[in-house]
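Residue numbers (full-length UniProt numbering): 1 to 70. Glycine included, C-beta positions come from ideal geometry on N, C-alpha and C. As the structure is a computational prediction, the values presented were derived from the model and not from experiment. Here's the structure, in structure tokens; my notes come after.
In structure tokens, the structure reads:
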């Protein structure tokens, strides 16, 4: 991770992942998918759709929260 002052707001700090951090995050995501995928193999189509909708709601709400925090 790197940290730097926010040029637009001196009270804030901008945090970013380094290349190594991005690689570590990618490995973690791959491991996570491998670990939880077996738990979802028997879901019906309507259950997959429910998960897709819930995931989209979470992504939308998270994006709004991040935008407000900035």
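**Asked** Could you give the uninterrupted runs of the alpha helix (DSSP H) lying entirely in the region 14 to 51, keeping only those of 4 residues or more?
**Response** 19 to 36
**Prompt:** Sorted by chain position, which residues of the same chain lie with C-beta nearer than 7 Å to residue 21's C-beta, five sequence neighbours on each side aside?
**Reply:** Residues 1 of the same chain have their beta carbon placed closer than 7 Å to that of residue 21, with the five preceding and five following residues left out of the count.
**Prompt:** So, using beta-carbon positions, are residue 51 and residue 43 closer together than 9 Å?
**Reply:** In this structure, residue 43 lies closer than 9 Å to residue 51 by Cβ.
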